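Numbering (the numbering used here), first residue to last: 238 to 640. Just so it is clear, CB atoms sit at the ideal spot from N, CA and C, and this is done for glycine as well. Remember, predicted model here, so these are calculated numbers, not experimental data.
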């Protein structure tokens, strides 16, 4: 009887089982709300992964084409709502390239400060969310507290923390005060202290390392073929950083390193972001040390909205504002492309002018859209549990994918 039971059990284990189709998202905390992954599983092994974006319906490009050039800045904030200042800067540089103008030096330095503070916040959000979704809730709190200090810097610059709308065509909405440098030093010290605790806590945890090391690997040749940029590409050993290879603003005057990884797994991506936080703090400190005196706005009424105080007291300024608000700035006919190094890679804006106050065409080359394409080959052949850290390190932002 015992022998018969054993044979029956062996026969049951020998039954062919069809692969399981699982839909992960869009209503799932780990998908960040705006993406669905259609997974085909053989037990815990991912046979196939199809990533579907398109659940947000942001309509960024058509919104920009329906308004005047300067009215697009609030829309750029929502492209990547974790590092909106970089989006502001990228769009403003594209417009200024179209108008063939250059902003004052003080403005350029402050734009770098705003961009790098935003990059710090972006990386902390990415890594903190990854830690949270792998069960490290305490580490997540360290990252969020550090991010608050980075946001304090943005708050001091423009009075907003998330959707900033700070940059303008031809300058900035406001200058910083005399106490700004001391505040930034204090906040960067807080970020460094909390980030070290966060990093040490996770890197000493064997469970975190097992979940990250050797997962989500994709060769650099495949990453390049997919159009992947940013920390994902640098983690695979490709030192592509637009701040270095195609400098804009004053990055060519600043000293910083471009961290790269070796194997291109999720741990390398994590470590690259950790080092980039330190490099961003280094850039901010250099900018504040070299910050020149002078205006933060271009003195050109064809492009820059006049200050409100002058509008209320001078007829010429009132006329200038009326013309810009009703007709918009009118660039020459032509087209431009301007790219900056966003939190997740190359963020580019392609503008076409027909000579009117509205862009004839506005196209955003968003890094998340390109980077998310590479997720399927990253997770295929791996385990179901590897999907979560891989998706977190891709750091997909819905606003960039569903433009």
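The DSSP-derived three-state label of residue 452 is coil.
Residue pairing of residue 599 in beta bridges, as defined by DSSP: 588. Counting only residues of its own chain and dropping the five nearest sequence neighbours on each side, residue 348 has a CB closer than 6 angstroms to the CB of 326 and 486.
The alpha-carbon separation between residue 592 and residue 521 amounts to approximately 37 angstroms.
In this structure, residue 565 places its C-beta atom within 8 angstroms of the C-beta atom of residue 306. Residue pairing by DSSP places residue 574 opposite 587 in a beta bridge. Taking C-alpha positions only, residue 447 is separated from residue 363 by approximately 19 angstroms. Across the structure, residue 440 and residue 510 are spaced so that their CA atoms are roughly 14 angstroms apart. A distance below 8 angstroms separates the beta carbons of residue 517 and residue 357. Pairwise C-beta distances place the stretch 396-413 in contact with the stretch 311-331, as three or more of them are shorter than 8 angstroms. Closest in C-alpha terms to residue 571, from the list 450, 334 and 607, comes 334. Distance between residue 443 and residue 361, taken at the CA atoms: about 21 angstroms. Short of 7 angstroms from the beta carbon of residue 613, and not among the five residues preceding or following it, lie these beta carbons of its own chain, in chain order: 286, 287 and 288. Between the stretch 384-394 and the stretch 295-313, the count of Cβ pairs shorter than 8 angstroms is below three; the stretches do not touch.
Here residue 286 carries a strand assignment [DSSP, helix/strand/coil].
Under DSSP, the beta-bridge partners assigned to residue 279 are 282.
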